[in-house]
Structures are given as C-alpha cells and as structure tokens.
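Here the protein sequences line up with chains X and Y, keeping their order.
When the letters of the first sequence are read in order and numbered with numbering that gives the first Met the number 0, they come out as residues 0 to 256.
When the letters of the second sequence are read in order and numbered with numbering that gives the first Met the number 0, they come out as residues 0 to 255.
All remarks here apply to the structure that follows.
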Amino acid sequence: MKVKYASFISIGGFILLWWLISASGMISPRFLPSPGSVIISLYGMIWEPFASVTLQGHIWASIQRFFVAFVVATGIAIPLGAWMGWNEKVNAVVDPVFEVLRFIPPIAWVPFAILWFRLGLKSECFIIAIGIFVPSLVNSRAGIRFVDPVLIQAAKTLGAKGRDILWHVSIPWSLPIIVGGVRIGMGLGWMCLVAAEMISRPTLKGSAGLGAMIEVARVTLASQYIIGGMLVIGVLGFAMDIGANYFEKKLGRWREA
Amino acid sequence: MSTRNLSILSIIVILVVWELSTSILNLIPALFLPSPSRIVLDFFRTMITPFAGATFIEHLLTSLYLVVSAFIIAVITGVTLGIFMGWYETFDRIVYPIFQLIRPIPPLAWIPLAIVWFGIGVASKVFVIWLSAFVPSLINAYIGIKMTDRTLIEAARVYGAKDRDLLWHVSIPSGLPLILTGIRLSLSNAWMTIVAAELLAASAGLGYMMQIARRTLEPSIIALGMLAIGILGTLMTRGLFILEKKLCPWREQQTS
Chain X
0 MKVKYASFIS IGGFILLWWL ISASGMISPR FLPSPGSVII SLYGMIWEPF
50 ASVTLQGHIW ASIQRFFVAF VVATGIAIPL GAWMGWNEKV NAVVDPVFEV
100 LRFIPPIAWV PFAILWFRLG LKSECFIIAI GIFVPSLVNS RAGIRFVDPV
150 LIQAAKTLGA KGRDILWHVS IPWSLPIIVG GVRIGMGLGW MCLVAAEMIS
200 RPTLKGSAGL GAMIEVARVT LASQYIIGGM LVIGVLGFAM DIGANYFEKK
250 LGRWREA
Chain Y
0 MSTRNLSILS IIVILVVWEL STSILNLIPA LFLPSPSRIV LDFFRTMITP
50 FAGATFIEHL LTSLYLVVSA FIIAVITGVT LGIFMGWYET FDRIVYPIFQ
100 LIRPIPPLAW IPLAIVWFGI GVASKVFVIW LSAFVPSLIN AYIGIKMTDR
150 TLIEAARVYG AKDRDLLWHV SIPSGLPLIL TGIRLSLSNA WMTIVAAELL
200 AASAGLGYMM QIARRTLEPS IIALGMLAIG ILGTLMTRGL FILEKKLCPW
250 REQQTS
C-alpha cells in the first residue's frame, strides 16, 4: 500500500469511526457531537455569531493579539539575546534573572498579568509575549555565541573589526537558529493565547477570541463549538508553523552547501 | 570583574533594589509587586495557617501528585506507542496520520472538552496533563527507533540476530538518548499544563492557590506559587537530566 493512500484511509477511517459512534447514539451529542454537526456549526458561525462574535471575528481577535505580542516579544528578545551572546559581561548580568524566570511556565504569569494590566487585551498579550520571548532569547544567544570560530578567524584575517564581524558574520550565520527559536516560541505563544483567552475572557461580555469561544462553548455545553474551535486553533497553529519552517529552511539553505 | 562575580552582584543589586522600592521606599505599591521579604514571610505563614483551604505544602503535594501520576502514565503510553509506531511499518501508517491530525491542537485547548467529558475533578486534569506530556515522549521514541543506524542493524543481522533481538538490543538502546530527552520534555509540558488546568478549575493545588490569591489581592502568595512551580519544575527536570547522563554516558554532550 502506498504511503499516500494509507494516510487517506487512516484519516477517513478515523472520521468514519467518530461519525458511527456519534450516529449510533451511544454517546450523547453533548459529549461527542458528530463530525457533520461540527462542520455545520463552524460554517454557520460565519453569519450567525456565537458568543456574540462571528467566526472570523474570533479568528481576527486572536490573530491581532498574537501579532502584537509577537512584535513586542521578538523585538526585545532577539536583540537582547544577541547582545548576551556577543558580550559575556552583559550575559553575566542578565542571565541570573533570566534563569530564574525562564522556568516559570508562561501560564503561571496569568494572575499577575491580570493584577498588573487588568482583564483584557494587555494582560493576554503579556502572557503570549512571555511564551514567545523565552525560546527566542535562548536561541538568539546560542546562535551568536556558537558561531563557527573558523569563520570569525577568517574574517579577522581579512581585517574585519568587531562590529563588522557581528553584522556580516555572526548575525547571518545564526539567523536560521534565531528563526528556529522564534518558531518554537510561536508554537508556545499560540498555546498561551488559547489559555490566556480561556482564563481571562469569558467573564467579559462579548468576548472575542478562539480561546474565549471554546470556553463559552463549554459553559453553554455546546460541544460542537468546542471541537470546531479546537480545529480552527489547530489549523491556524499548523499554518503558522509551516510558514515559520519555510522561512527557517530558506534562511539556512546556504549553510548546507 | 569576572563574569561570576558580575552575576552575583547582579542578583544582589536586583534583590536590594526590589526590596527597597517595594517595602521601605514604597515606590511601587505592594499590590503591584510584593517585596522579597514579604514572599519569604508568607511562605512561612502559609506553611502553618491554611490559605484557600489548605496549607502551602498541601497545595504543593496536590499539584505534585497530579503531575507525577499523569506524567508516568504519559511516559508509559507515549514511549510504548512511539516504539510500536517506529518499529511496525503498517501500524505506523495507520496511526501516524491521525496523530499528525490531532497534534497541532495545543493541549491546553483540550481543557474545555476535558471538563465536559470528565467534569471538574482529578480525571479531567490528569487527561489534559497526560495529553500534553504524551506527545514529546511519543515523538522522540518514534524518531529514536526510526533513526537507528542501518549499519548497526545490518551488523547485528550478520551475527544472526532475529527481529526481536534487533528491537531490544539494537534499536531501543540506540534510541535511548532521544527517548530520554523526550521524557524530559514531557515533564516540562506536564508542569505547564497543570498550572493552566488549576487556574481554570480546581479546589486545591498551586494554580488554585494563585487564583484565589489574585481575587483576595495577595500578590505575595501568587509570587510564592510561581516560584514553587518554577523551582519544582527545574529540580525535577534537572533530576531527569542527571539520570539521562547516568543511563547513557555515551550520548553526545549537549550544548546550552
């Protein structure tokens, strides 16, 4: 059997089994809605708002939050990480604090985020940003620190100064590693987004965001919307990862040659 | 100044500035950022007098118990399934696509469904922690088995090894470093998930303690919970790392 067909059969079989179980009535649709009802609910949400927002409204709200957090987190983490990798002294000053903070899971910041920024956009962005921040910084530092010494020696022989080496050797060399870290951070940040929205949003009226959507669906026992929301979260996260992976491969291509 | 001294100085300066600005000079309101001394005091206070229905140790043990039990189940199921998938081609082709379909959904996004399925109790938390910890164990075991050096397998075959011997004496030992790394990743995932699960729905545990402290506006207890989670998570991960080095001393040295 060819690999390609095998995947189709396997996924087809999985959906068929799901559909059979839900159609047999063994499990109440409250607990396991049929695949069809999930798709229909999602489709219907394009016009009919659920949790007072349409599907595209929830998606847009989540993407906006993610984007703001992404810009802030990478904007601080990459330069700081690169600086720490470049200058031992900077690293010695910042590292002890960073080491203590990095092992606290981003979600554990939720109570403080709410105290500091109140419920809403800022506190959610803060949590997402922490998720993106840590791997981005770790990889930026490692990338700059572990540049192939032969390349640095070669550049020095050709008369390059410290700054030239940083901009023309270290940064281009470590770019794929940095992007790799950002990619890990994006995965973590996406998960934090869902959690942050679940924890902080549903207390507000007209709460938008995919995490809020599945939490509202839980409270109202509309499990077809929970699964539908999970699917959308999964698909968006997957698409983001593919994009980042493409970027990473493209930047790293010259190194394999 | 040596980098080591610089690091020590950095910690001291931060602690002193933090203490001064929060408790003595009152530059930052205590509601915003608790002082280090307050956190230490609250640590001792909550050891004796219960906070949110339990002492600090009881909250900690509740969380620890959940994490450890779900983690153990996750490692056993994840590694076994990963080895099966890596070893049996047909099984792999059936299971892998389904796994790939479900994997992009972040484990924390399962929390609402888990609550609908299992209610607000131990079962839903164990389920979500299991789900998050299961994935890295499975993937690494799978890759570890799949990436067994062909030469090793051929060599063992030449000496007359049967399939079963190949799995037990070649593939599993050669994949062990990867498998152990996966187990370590599983543990940190488990810690992250328990916090989220307890923040959303619990009646005891560190996450619950922090959530109550937020409502009663006692940020020092929130900070205490965060530190406890960070320190416990680090200690357990470090422990696994040491175990990893002991079990496979031949593994390549890891950087960073």
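Where a beta carbon is used, it is the ideal one built from N, C-alpha and C, also for glycine.
Since the structure is predicted, the reported quantities are computational estimates derived from the model, not experimental observations.
query: Separation of residue 23 of chain Y from residue 129 of chain Y, as counted between CA atoms; result: 45 angstroms
query: Neighbourhood of residue 18 of chain Y by C-beta distance below 8 angstroms, restricted to the same chain and skipping five residues each side; result: 34, 35, 36
query: 4 or more residues per run - each alpha helix (DSSP H) lying fully within the segment 104-148 of chain X; result: 109-116, 120-144
query: DSSP three-state assignment for residue 102 of chain X, whether helix, strand or coil; result: coil
query: Contact the segment 136-148 of chain X vs the segment 80-94 of chain X: 3+ CB pairs below 8 angstroms; result: yes
query: Paired residues, beta bridge with residue 49 of chain X - DSSP; result: X/52
query: Buried versus exposed, by CB contacts within 10 Å (16 or more), residue 255 of chain Y; result: With a pLDDT of only 35 at residue 255 of chain Y, under 50, the local geometry of the prediction cannot be trusted, and no value is derived from it.
query: Beta carbon proximity, residue 229 of chain Y to chain B, threshold 8 angstroms; result: Absence of chain B from the displayed structure is noted, the protein chains being X and Y.
query: Ordered list of beta strand (DSSP E) runs contained in the segment 7-44 of chain X, each at least 3 residues; result: none
query: Residue 197 of chain X at chain Y interface by Cβ criterion, 8 angstroms; result: yes
query: Residue 221 of chain X vs residue 210 of chain X beta-carbon contact at 8 angstroms; result: no
query: Enclosing alpha helix (DSSP H) for residue 293 of chain Y [first to last residue]; result: This structure gives no information on residue 293 of chain Y, because the portion of chain Y shown stretches from 0 to 255.
query: Within chain Y, partners of residue 229 of chain X - CB distance below 8 angstroms; result: 104, 108, 109, 112
query: Within-8 angstroms CB hit, residue 51 of chain X to chain Y; result: no
query: Residue 216 of chain Y: first and last residue of the uninterrupted alpha helix (DSSP H) it sits in; result: No alpha helix (DSSP H) contains residue 216 of chain Y, which DSSP labels as neither H nor E.
query: Chain-ordered chain Y contacts of residue 190 of chain X [CB-CB under 8 angstroms]; result: 105, 106, 107, 108
query: Chain X contact residues for residue 232 of chain Y, given Cβ-Cβ distances below 9 angstroms; result: 102, 103, 104
query: Chain Y contacts made by the segment 20-36 of chain X, where a contact means CB separation under 7 angstroms; result: 30
query: Stretch-stretch touch, CB-based, cutoff 8 angstroms, three pairs: the segment 79-88 of chain Y with the segment 122-141 of chain Y; result: yes
query: CB contact check: residue 213 of chain Y to chain X, cutoff 8 angstroms; result: yes
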